[in-house]
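To start, the structure itself, in structure tokens.
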Amino acid sequence: MILVEPTAGTGGPRPAARRAFAIGKMPPVYHAAKTSVMTDGYRETINRNVSVAPMLDWTDRHCRYFLRGFSPDLLLYTEMVTASAILRGDREKLLEYSREEHPVALQLGGCEPDYLAASARYGEEWGYDEINLNCGCPSDKVQKGAFGACLMNEPDLVADCVAAMCEAVDLPVTVKMRIGTLRSNRRDLDEAVQRFDEADYDKLCDFLVAVRAAGADCVIVHARRAVLGNWSPADNREIPPLRYDIVRRLKEDFPDMPVVLNGGLKTVAQSLEALDWADGVMLGREAYHRPMVLGEIYAALDEAAAAFDPAAPRVPYRPLTVAEHLERMAEYAEREMIKGERLPAITRHLLGLLSHTPGAREYRRMLSEGAREPTAGPELILRAAELATAA
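Residue numbers for the sequence shown follow this note's numbering, so the first one is 52 and each next one is one higher.
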């Protein structure tokens with residue numbers, strides 16, 4: 052995430068044709084919200100069954116290229132980039148990505164409709180498949196900028212932002228949000244953070260109604276409240292309870308609104324259970340620290356689809372082995388290093404690929420320490436692949 056102070060506006064959004072996106076459904080064992088978009092002149096669909104959350108300092112372009120190896124359908128998100136950074140900063144560096152990353156969404160941070168509209172337009176020009184507005188980050192820097200989770204308390208402003216982006220681009224515009232917010236200076240905070248009453252739910256519904264009316268195509272709901280003030284992001288991840296029941300109720304009350312569940316998802320069982328009622332699941336830290344869980348989820352979904360309709364034509368899902376993932380990344384590292392990239396910027400994302408197995412510690416040591424050697428190159432990743440095969 053890069054924060055740049057806003058400057059003078061860049062003008063309002065250009066007129067755009069009205070969008071007509073089709074939301075489809077998969078077999079009853081799980082749902083899929085699919086939204087048609089244009090990419091390089093041809094029509095594709097976004098499958099929201101499984102996605103990886105935007106994560107600061109983690110989901111950069113190298114990480115996204117690596118994660119793409121788990122499925123061509125996996126929906127990836129950039130780290131949050133502020134609208135003002137795109138308008139004033141090194142736009143090419145901020146928006147750079149590989150074609151292999153598709154489908155990939157650009158997450159924007161900001162609270163000024165014209166800035167967001169102009170930034171969304173740049174995202175469309177760069178070829179991103181979706182524009183996402185961050186209304187869930189509770190970090191201090193984001194709060195000082197009056198966006199992120201702070202926007203949960205400003206539904207009318209968020210609606211203006213969403214409407215401006217929808218008018219500016221012919222891509223899906225989505226919102227990543229929380230189930231609500233609290234201030235950390237409340238005297239009854241310990242009790243309040245555990246409580247979610249009808250007034251809280253009504254406020255959440257008001258927010259959803261506003262963004263839906265403004266044209267949002269999907270909401271990704273982190274099933275925790277954000278505590279604003281002096282709580283750290285770690286506190287906000289660990290202390291507020293997960294309330295999947297609230298997100299499920301939201302989906303039941305707004306059945307036509309695609310809802311993706313986010314927050315605390317770690318296992319195949321959790322993900323499949325959520326997909327019985329949600330339009331998708333978004334994994335965060337677990338997908339980074341143990342990325343093979345993505346392959347496990349896709350294998351389970353493939354098995355469920357085959358059981359639902361054995362006669363349906365399909366290409367069976369075959370996950371890459373650890374060695375195959377590493378061979379793929381060695382080729383990628385070779386291309387990137389020719390362009391001047393440092394090897395540690397790539398290998399740091401591969402450390403969780405081998406975990407909870409014999410040899411995992413040596414594998415991580417080889418990649419983390421070996422990549423820092425001045426003469427290290429892509430062959431280090433191939434040696435790690437040999438180690439993983441022998442483990």
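Ideal Cβ placement from N, Cα and C applies to all residues, glycine included. Quick caveat, the model's predicted, so the values are computed rather than measured.
- Relative to the C-alpha of Pro309, which residue among Val260, Asp248, Ala200 is closest? By 1-based counting over the sequence shown, the position of residue 309 is 258. Per the Cα distances, Val260.
_Is the separation between the beta-carbon of Gly428 and that of Leu401 shorter than 8 Å?_
Here residue 428 refers to the residue found at position 377 of the sequence shown. Here residue 401 refers to the residue found at position 350 of the sequence shown. Not a contact, by the Cβ cut-off of 8 Å.
Tell me, to the nearest whole angstrom, how far the beta carbon of Trp328 is from that of Arg299; I am working on the premise that it is less than 8 Å. Numbered from its first residue, the sequence shown carries residue 328 at position 277. Numbered from its first residue, the sequence shown carries residue 299 at position 248. About 5 Å; that satisfies the 8 Å criterion.
Count the CB pairs spanning the segment 124 to 136 and the segment 161 to 176 that are closer than 8 Å, and state whether there are at least three. yes
Examine the Cβ distances between the segment 376 to 386 and the segment 431 to 438 and report whether three or more of them are shorter than 8 Å.
-> yes
Taking contact to mean 3 or more Cβ pairs, one atom from each stretch, closer than 8 Å, check whether the segment 232 to 251 and the segment 262 to 281 are in contact. yes
| task | Any chance you could list the beta strand (DSSP E) runs of at least 3 consecutive residues sitting entirely within the segment 188 to 270, in chain order? | result | 224 to 234
Q.
I'd like to know whether the C-beta atoms of Arg99 and Gly331 end up nearer to each other than 8 Å.
A. In the sequence shown, counting from the first residue as 1, residue 99 sits at position 48. In the sequence shown, counting from the first residue as 1, residue 331 sits at position 280. Contact: yes.
Subject >> At least 3 beta-carbon pairs within less than 8 Å: the segment 148 to 155 vs the segment 184 to 192 >> reply: no
**Item:** For Cys217 and Cys162, believed in contact at Cβ under 8 Å, the rounded distance
**Value:** Within the sequence shown, numbered from 1, the residue matching residue 162 stands at position 111. Within the sequence shown, numbered from 1, the residue matching residue 217 stands at position 166. About 16 Å; that fails the 8 Å criterion.
**OP:** May I have the straight-line CA-CA distance separating Val209 from Ala350, to the nearest angstrom?
**Re:** Mapped onto the sequence shown, residue 209 falls at position 158. Mapped onto the sequence shown, residue 350 falls at position 299. Going from the Cα of Val209 to the Cα of Ala350 covers about 37 Å.
Determine the burial state of Gly92: buried for a count of at least 16 other Cβ atoms within 10 Å of its Cβ, exposed for fewer.
On the sequence shown, position 41 is the one that residue 92 refers to. Here Gly92 scores only 38 on pLDDT, less than 50, and its place in the model should not be relied on; the value that follows carries that caveat. Burial call: exposed.
For Ile432, the first and last residue of its enclosing beta strand (DSSP E)
The residue you call residue 432 lines up with position 381 of the sequence shown. Per DSSP, Ile432 belongs to no beta strand (DSSP E); it is in the alpha helix (DSSP H), 430 to 441.
Notebook entry, point to check: If you drop the 5 nearest sequence neighbours on each side, which residues of the same chain put their C-beta closer than 8 Å to that of His340?
Noted result: Looking up residue 340 in the sequence shown gives position 289. Counting only Cβ-Cβ distances below 8 Å, and skipping sequence neighbours, we find Gly403, Ser406.
- prompt: How big is the Cα-Cα spacing for Pro291 and Pro361?
  reply: Locating residue 291 in the sequence shown gives position 240, counting from the first residue. Locating residue 361 in the sequence shown gives position 310, counting from the first residue. Distance between the alpha carbons of Pro291 and Pro361: 42 Å.
Which class does Pro78 belong to by DSSP, given the choice of helix, strand or coil?
For this step, residue 78 is matched to residue 27 along the sequence shown. Here the model assigns Pro78 a pLDDT of 32, short of 50, so the residue's position is not dependable, and the following value carries that caveat. DSSP places Pro78 in coil when its eight states are reduced to three.
### Nearest-angstrom Cβ-Cβ length linking Ala325 and Leu316, presumed shorter than 8 Å
Within the sequence shown, residue 325 is the residue found at index 274, counting from 1. Within the sequence shown, residue 316 is the residue found at index 265, counting from 1. About 7 Å; that satisfies the 8 Å criterion.
Report task. Could you please give me the residues that DSSP links to Asn183 through a beta bridge? Result -> Mapped onto the sequence shown, residue 183 falls at position 132. Paired residues: Gln158, Thr225.
- Look at the Cβ atom of Arg172, then the Cβ atom of Val220, and state whether they are nearer than 8 Å. Taking the sequence shown and counting its residues from 1, the one referred to as residue 172 is at position 121. Taking the sequence shown and counting its residues from 1, the one referred to as residue 220 is at position 169. Yes.
Just verifying my parser: in three-state terms, what is the DSSP assignment at Asn287? Your numbering for residue 287 matches position 236 in the sequence shown. Helix.
Cα-Cα separation between Arg139 and Ser170, rounded to whole angstroms:
If you number the sequence shown from 1, residue 139 lands on position 88. If you number the sequence shown from 1, residue 170 lands on position 119. Taking the straight line joining both Cα atoms gives about 10 Å.
Considering only the alpha carbon of each residue, which of Lys144, Ile182, Pro409, Glu176 lies closest to Gly160?
Along the sequence shown, one-based indexing puts residue 160 at 109. Checking every option, the nearest Cα to that of Gly160 belongs to Ile182.
Looking only at C-alpha atoms, which of Glu176, Asp124, Glu354 sits nearest to Glu152?
The residue labelled residue 152 in the question sits at position 101 within the sequence shown. Among Glu176, Asp124, Glu354, the Cα nearest to that of Glu152 belongs to Asp124.
- Query: Taking Cβ to Cβ, would you say Ile230 is nearer than 8 Å to Leu255?
  - Reply: The sequence position of residue 230 within the sequence shown is 179, counting from 1. The sequence position of residue 255 within the sequence shown is 204, counting from 1. Yes, Cβ-Cβ distance for Ile230 and Leu255 is below 8 Å.
Any idea what DSSP makes of Thr426, helix, strand or coil? The residue you call residue 426 lines up with position 375 of the sequence shown. DSSP places Thr426 in coil when its eight states are reduced to three.
For Phe415, does the three-state DSSP call read helix, strand or coil? To locate residue 415, count along the sequence shown from 1; it is residue 364. According to the sequence provided, residue 415 is Arg. The question's Phe does not apply to it. Of the three classes helix, strand and coil, the one that applies to Arg415 here is helix, per DSSP.
* To do: Tell me, to the nearest whole angstrom, how far the beta carbon of Glu129 is from that of Ala156; I am working on the premise that it is less than 8 Å.
  => Here the question's residue 129 lines up with position 78 in the sequence shown. Here the question's residue 156 lines up with position 105 in the sequence shown. It is worth fixing the name first, because residue 129 is Thr in this sequence and not Glu. Indeed, because the Cβ distance is near 7 Å, the residues count as touching under 8 Å.
**Q.** Proximal residues to Glu303 (C-beta, below 6 Å), its chain only, five neighbours per side dropped
**A.** Within the sequence shown, numbered from 1, the residue matching residue 303 stands at position 252. Correct list: empty, nothing qualifies.
Report task. Going by CA-CA distance only, name the one from Leu312, Leu107, Asn236, Ala436 that's closest to Thr372. Result -> As a working note, residue 372 is residue 321 in the sequence shown. If we check each option's Cα against that of Thr372, Ala436 comes out closest.
What's the call for Ser283, buried or exposed, on a 16-neighbour Cβ count within 10 Å?
In the sequence shown, residue 283 corresponds to position 232, counting from 1. That one is exposed.
Original post:
Can you give the Cα-Cα distance for Phe247 and Ile97, rounded to whole angstroms?
Top reply: Residue numbering aside, residue 247 sits at position 196 when the sequence shown is read from its first letter. Residue numbering aside, residue 97 sits at position 46 when the sequence shown is read from its first letter. Between Phe247 and Ile97, the C-alpha separation is close to 33 Å.
Is the CB-CB distance between Leu345 and Ser102 below 8 Å?
-> The count along the sequence shown starts at 1 and reaches residue 345 at position 294. The count along the sequence shown starts at 1 and reaches residue 102 at position 51. Not closer than 8 Å, so no.
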